[in-house]
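Student: Mind looking over this structure? Questions follow.
2 protein chains.
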Amino acid sequence: MGARQTLKGQQTRAAIVDTAVTIASIEGLEGLTIGRLAAELAMSKSGLFGHFGSKEELQLATVEAARQIFIHEVITPARQAARGLARLWALCDAWLSYMEREVFPGGCFFMAASAEFDNRPGPIRDQVAAQMQEWLDYLTKNVQHAQSLVQLSGSPEPAQLAFELHALVLGANWAMQLYNDRQTPARARRAILARLHGLATPQAVPLPALEDYG
Amino acid sequence: MGARQTLKGQQTRAAIVDTAVTIASIEGLEGLTIGRLAAELAMSKSGLFGHFGSKEELQLATVEAARQIFIHEVITPARQAARGLARLWALCDAWLSYMEREVFPGGCFFMAASAEFDNRPGPIRDQVAAQMQEWLDYLTKNVQHAQSLVQLSGSPEPAQLAFELHALVLGANWAMQLYNDRQTPARARRAILARLHGLATPQAVPLPALEDYG
DNA sequence: CCTACCGATCGGTAGG
DNA sequence: CCTACCGATCGGTAGG
Chain A
189 MGARQTLKGQ QTRAAIVDTA VTIASIEGLE GLTIGRLAAE LAMSKSGLFG HFGSKEELQL
249 ATVEAARQIF IHEVITPARQ AARGLARLWA LCDAWLSYME REVFPGGCFF MAASAEFDNR
309 PGPIRDQVAA QMQEWLDYLT KNVQHAQSLV QLSGSPEPAQ LAFELHALVL GANWAMQLYN
369 DRQTPARARR AILARLHGLA TPQAVPLPAL EDYG
Chain B
189 MGARQTLKGQ QTRAAIVDTA VTIASIEGLE GLTIGRLAAE LAMSKSGLFG HFGSKEELQL
249 ATVEAARQIF IHEVITPARQ AARGLARLWA LCDAWLSYME REVFPGGCFF MAASAEFDNR
309 PGPIRDQVAA QMQEWLDYLT KNVQHAQSLV QLSGSPEPAQ LAFELHALVL GANWAMQLYN
369 DRQTPARARR AILARLHGLA TPQAVPLPAL EDYG
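These protein sequence lines are chains A and B, in that order. Under my numbering, the first sequence has 225 at position 37, and the numbering climbs by one with no breaks. Under my numbering, the second sequence has 231 at position 43, and the numbering climbs by one with no breaks.
Shown next as structure tokens:
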């Protein structure tokens, strides 16, 4: 009976965190209130609260759940592409696709969370910053790989190019959220392809043509 | 006596809005509470409240004050440069400089406000969106001008290039706020100059060299 | 511009 | 997992 209760507890907790991710992507991690979350799940506040012990723990669990979704929706599909330039493009494309598909209804969870917590020191900010740094490092690694395969010119430092690609996707997320402009992802793809085509060597694996995106 | 009271009222209101801008850039426009603002100014809540009539009016006044600061700190200095490519660069440079000088302690006021309100329909979101659109349009106009002066290739649409420059500065603001990395503005300047150098024609007015920020 | 208050909601607790 | 409650704080109001 103990194991069964534990299993049920885990299921309840998973259901809570699942709903929390959706609410937080729209209302923010602070706008995610225990009362609202309990109402959405038709439970009492204190019943829900008991699964976490503090609001901060709930927020941290929510960030971790969002991370798993990001890995599943962006990184895993992009890994199908060969390392180097092809995967670098696949990562940017998958990231934009995840925004287009509205995996989170409020846009990229991590961009919203980082804007919300960049001025609030503490574990949540640290967690969000670490996860975004991981993503930037992964982009950087793929730039390095593309350069070592002589698919890309070595001229911009890997971290510099990773920053630029990251910024262009942030810009797309910003415009999509603020203006609901569905053409924004195509604009970001053109910008990224223009930059990559400008740096690609003759040995480079084929990238989509700029004209494919309008 | 009536005129004098009005003048004093205006001064008080201006002092309130001035403090509100600073708080809002750190805590957000919702985190800006009337109680906290009143405490900061050593006034009563209701005395402060009377100047606006609602929290939303206070927030709108705060956005408008931030706009005036942005115009004064970014657009006015950049207007010293000649129209076209020189001014386009001056706008990006002044925007990054305003971030470096921490004109707002919480980073670019409008980036924070747009991330906070992009999922909250209403007058504040509309106001923030309109002001950012004005800025994008101004960047676009300067791209057009540079193209008509044959300083820049006509190949990317003006709005496309404006989007890219905007995204790179957003990316710099994001990294500066989340990581406190003071080298980020130089990274953004290199990215912007690389893009502009790639599109500049032989007739182009001199731009700073990439190596100046290396 | 103030004091004194309002109903609602927040995160969190006691006790079962 | 619940009911019933806590002190603090929110935006806003009454009355002066």
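Backbone N, C-alpha and C fix where the C-beta goes; we use that ideal spot for every residue, glycine too.
Distance cutoff 8 Å, beta carbons only. Does Phe351 of chain A sit that close to anything in chain B?
Tutor: Interface residue, yes.
Student: With H, G and I counted as helix, E and B as strand and the rest as coil, what does DSSP make of Ala230 of chain B?
Tutor: Three-state DSSP puts Ala230 of chain B in coil, outside helix and strand.
Student: Below 7 Å CB to CB, which residues in the same chain sit around Glu261 of chain B once its five sequence neighbours on both sides are set aside?
Tutor: The residues are Tyr286 and Val291.
Student: Taking only beta-carbon positions, decide if Trp277 of chain B is within less than 8 Å of chain A.
Tutor: No, Trp277 of chain B does not count as interfacial toward chain A.
Student: Between the region 310-328 of chain B and the region 314-328 of chain A, are three or more C-beta pairs nearer than 8 Å?
Tutor: No, the region 310-328 of chain B is not in contact with the region 314-328 of chain A.
Student: Could you name the residues of the same chain whose beta carbon sits closer than 8 Å to that of Leu384 of chain B, not counting the 5 residues immediately before and after it, in chain order?
Tutor: So the qualifying residues of the chain are Leu273, Leu276, Trp277, Leu340 and Leu395.
Student: Verify whether the separation of the beta carbon atoms of Ile257 of chain A and Val209 of chain A is less than 8 Å.
Tutor: Yes; because the gap between Cβ atoms is below 8 Å, this pair is in contact.
Student: Determine, using beta carbons only, whether Arg359 of chain A comes closer than 8 Å to chain B.
Tutor: Just to set this straight, residue 359 of chain A is Gly in the shown sequence, not Arg. Yes, because at least one Cβ of chain B sits closer than 8 Å to the Cβ of Gly359 of chain A.
Student: By how many angstroms is the C-alpha of Arg267 of chain A removed from the C-alpha of Gln332 of chain A?
Tutor: Distance between the alpha carbons of Gln332 of chain A and Arg267 of chain A: 16 Å.
Student: Based on the DSSP secondary-structure assignment, which residues constitute the bridge partners of Ala388 of chain A?
Tutor: Note: Ala388 of chain A sits in a beta bridge opposite A:Leu340.
Student: May I ask which residues mark the beginning and end of the alpha helix (DSSP H) holding Gly359 of chain B?
Tutor: Gly359 of chain B -> alpha helix (DSSP H) spans Pro346 to Tyr367.
Student: Are the C-beta of Met287 of chain A and some C-beta of chain B separated by less than 8 Å?
Tutor: Met287 of chain A does not count as touching chain B.
Student: So is Ala247 of chain B in contact with chain A if we call contact Cβ pairs under 8 Å?
Tutor: In the sequence as presented, Ala is not what sits at residue 247 of chain B; that position holds Gln. No, Gln247 of chain B lies away from the interface with chain A (no Cβ there is under 8 Å from its Cβ).
Student: Whose CA, out of B:Asp369, B:Leu349, B:Leu358 and B:Arg375, lies closest to the CA of Leu349 of chain A?
Tutor: Closest option to Leu349 of chain A, Cα to Cα, is B:Arg375.
Student: Excluding sequence positions up to five away, which residues of its chain have a Cβ less than 7 Å from the Cβ of Gly190 of chain B?
Tutor: Note that Gly190 of chain B has pLDDT 41, beneath the 50 cutoff, so the model's placement of it is unreliable and no number is given.
Student: Please decide whether Gly272 of chain B counts as near chain A, where near means a Cβ-Cβ distance under 8 Å.
Tutor: Answer no: the Cβ-Cβ gap between Gly272 of chain B and chain A never drops below 8 Å.
Student: Do the CB positions of Leu279 of chain A and Trp362 of chain B come within less than 8 Å of each other?
Tutor: No. Outside cutoff.
Student: Can you find the residues in the same chain that come closer than 7 Å, C-beta to C-beta, to Leu248 of chain A, ignoring five residues on each side of it along the sequence?
Tutor: Pro311, Ile312 and Gln315, listed in sequence order.
Student: Quick check: is the beta carbon of Asn330 of chain A nearer than 8 Å to any beta carbon in chain B?
Tutor: Judged by the 8 Å Cβ criterion, Asn330 of chain A is not in contact with chain B.
Student: Starting from the N-terminal side, write out each stretch of the beta strand (DSSP E) that is 3 residues or longer and does not extend beyond the region 275-299 of chain A.
Tutor: Listed in chain order, there is nothing to give.
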